[in-house]
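Residue 123 in this note's numbering is what sits at position 111 of the sequence shown, and the numbering runs on without skipping anything.
The C-beta atom is built at its ideal place from N, Cα and C for all residues, glycine as well.
Please read all numbers here as calculations on a predicted model, not as lab measurements.
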Amino acid sequence: MHESQSFHADLIQLLHEKHARGQIDRRQFLKLGAALGLAGTALGSIPEAHAQAKEVVMVNWGGMASTAFGRFYGEPFEKKNPGIKVVQDTSGPSAGKIRTQAESGKPTWDICDSSAGTSIELGNRGLLEPIDYSIVDKNMLPPKGFAYTHGAAAYSFSSLIIYNAEKFKDNPPKTWADFWDLKKYPGKRMLRRDVPAMLDAAIMADGVPADKVYPIDLKRALKKIGELKKDAVYWNNGSESEQIMRTGEAVMGLIWNTRAKVLFDEGKGKFDFTWNQGILQPGIFVILKNNPAGKTAQHLLRSMQDPGPQVELLKFFGNGPANPQAAALVPPEWKKFDPMTPENARVQCVYDGEWYGKNQAQATQEFLDLISS
C-alpha cells in the first residue's frame, strides 16, 4: 500500500529542523511549558467516581512532539488529577499499529494521535471506543468536520496555496482556478503525492464552491489533476515541499500551513500564501477499544480541548487550535498563521473525514495510476 507522510509525522520533522537551525532551544521550551502550567482549569478533572486508572498512554510520532504533548496536554491533566500519570509512547500510531493493538483484545495503548480517515475505518471495524460526548465537549469544536463517532480533534492544520511572491507580486494567485491557470501564471506546480486535500483543490479549481466540494466527484477531480500532469512536481513529505519552492523548481504549490510559515519567515518577501480555498483539516485523536485507562482516556481528551494548551501548541508547532474559543487567546502576530483564526477559517473548505474514510483507498490507487502513467 502507498505510504505518505502524515501531517503529524511532519510536525516532528519540522521541529527537529527548527531545533537544528537554532530557532527552538530548551530554555524557550521550558518557559512555554511553565507558562502553560499556570493555565490549567478544573474542567479537565475527573469525577471521583471515575478516577480509577493510574496511567494513560498517549501514542504519538516521537521526537519533540512527545515532549510538547507531555508538557501542554499531559502535565496540565496530571495537575488537575493527582495520582494519574500521562505516559508518552513514541511508537508511531499508524493505522496498522492501532489495528494490531486493538485486535489483540488487550491493548497497552489508550489514546492516539491519528486521523479522521483512520477513525472511520477502524471505528467501523469495532476497534475504537466511541467518543463519549457527555465528557468530550462538542461545544469546544467547530460544528463541522472535527467531531466523529470514533474520533475528536485537539488541533487543526490546513493545506493551502503558496507562491513565489517575487514572480507574481502585482497579481498573485487567489484561488485554485488561478493555480491551474498556466497561461496567466506560467511555471511548474507543486502537488502532494497523495489524495487528501489534492482532490479538494482540483474540484475547487474546476469551479465547485468551497462549501459544495463534498461528495467529491472523483472522476472529475482526477481529470482536473491530469491537466497539470506535464507541469507538476510532487512532494512526499513536508521537508520536500519546502525545498521544491526554495530552489525554484515550482513557482507555486499546495503545502501545509506549517511549512508555508517556514518559507514565509525565511524568504523575507520571496514567498507568500493565501488562506482562500485552503483545506481546513482536523488533528484527530482516537481511543482504542478495551483500552486499560477506560473513561480516563475520555477525560484526558476533554482536557486537551482547553484553549490555553492549544494556543501554546500553535506557537510551538505552528499547527492551529481546534477549539474556536482559542481565537481570543491567539497573539496578534500569530493570527496570520493560525488556520482557525475566524477570518482564515471562513474562507476555507472543511475536510470531510467521512468521505475520505469511505473512498480514500480507491481514490489513492486511481490517483497514483494517473500521475505514474
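State the beta-bridge partners of residue i as determined by DSSP.
i, result
"threonine 286", "Ile173"
"phenylalanine 297", "Asp125, Ala164"
"tryptophan 367", "BP columns for tryptophan 367 are empty, so no partner."
"glycine 5", "As shown, the chain starts at 13 and ends at 385. That puts residue 5 outside it, with no answer to give."
"valine 362", "Leu292"
"alanine 159", "Ala164"
"leucine 341", "Paired residue(s): none; leucine 341 is not in a bridge."
"leucine 139", "Per DSSP, none; premise fails for leucine 139."
Rounded to whole angstroms, what's the CA-CA distance from residue i to residue j? Just pull it up for me.
i, j, result
"arginine 258", "proline 185", "18 Å"
"threonine 286", "glutamate 261", "20 Å"
"arginine 232", "isoleucine 215", "7 Å"
"arginine 38", "phenylalanine 328", "With a pLDDT of 44 at arginine 38, under the threshold of 50, the modelled position of this residue cannot be trusted; read the value that follows with caution. If you take the alpha carbons of arginine 38 and phenylalanine 328, they lie about 12 Å apart."
"leucine 382", "glycine 95", "54 Å"
"valine 362", "glycine 199", "28 Å"
"alanine 309", "aspartate 122", "6 Å"
"leucine 300", "arginine 83", "23 Å"
"tryptophan 367", "proline 142", "19 Å"
"leucine 380", "glutamine 322", "35 Å"
"glutamine 374", "aspartate 206", "12 Å"
"leucine 240", "aspartate 318", "42 Å"
"alanine 114", "leucine 139", "6 Å"
"leucine 341", "arginine 271", "23 Å"
"arginine 204", "asparagine 248", "6 Å"
"lysine 280", "tryptophan 346", "17 Å"
"phenylalanine 297", "cysteine 124", "5 Å"
"threonine 53", "serine 385", "Confidence at threonine 53 is low in this model, with a pLDDT of 32, below 50, so its placement is unreliable and the value that follows should be read with caution. Each residue's alpha carbon lies about 55 Å from the other."
"glycine 332", "asparagine 303", "28 Å"
"arginine 148", "tryptophan 268", "According to the sequence provided, residue 148 is valine. The question's arginine does not apply to it. Distance between the alpha carbons of valine 148 and tryptophan 268: 27 Å."
"valine 68", "glycine 306", "9 Å"
"glycine 250", "proline 88", "30 Å"
"aspartate 101", "methionine 70", "6 Å"
The alpha helix (DSSP H) that contains residue i, what's its start and end?
i, result
"lysine 235", "230-238"
"leucine 312", "307-315"
"lysine 97", "Taken as a continuous stretch (DSSP letters only), lysine 97 belongs to no alpha helix (DSSP H), being part of the beta strand (DSSP E) at 97-101."
"leucine 326", "319-329"
"isoleucine 110", "107-115"
"proline 88", "87-92"
"proline 354", "354-357"
"alanine 80", "76-81"
Just confirm the distance between the C-beta atoms of residue i and residue j, as a whole number of angstroms; I'd bet it's less than 8 Å.
i, j, result
"serine 103", "lysine 97", "Their Cβ separation, rounded to whole angstroms, is 18 Å, which puts serine 103 and lysine 97 out of contact at 8 Å."
"proline 336", "methionine 316", "Actually they are not in contact, since the Cβ atoms of proline 336 and methionine 316 sit about 15 Å apart, beyond 8 Å."
"glycine 135", "threonine 161", "6 Å"
"asparagine 356", "aspartate 364", "Actually they do not touch by this definition, with Cβ atoms about 19 Å apart."
What is the residue span of the beta strand (DSSP E) that residue i lies within?
i, result
"methionine 70", "67-71"
"isoleucine 267", "264-268"
Report the start-end ranges of each alpha helix (DSSP H) in the segment 181-251 that is 4 residues or longer and not cut off at the edges. Within the segment 181-251, the complete alpha helix (DSSP H) segments at least 4 residues long are 188-192, 210-217, 230-238, listed from N- to C-terminus.
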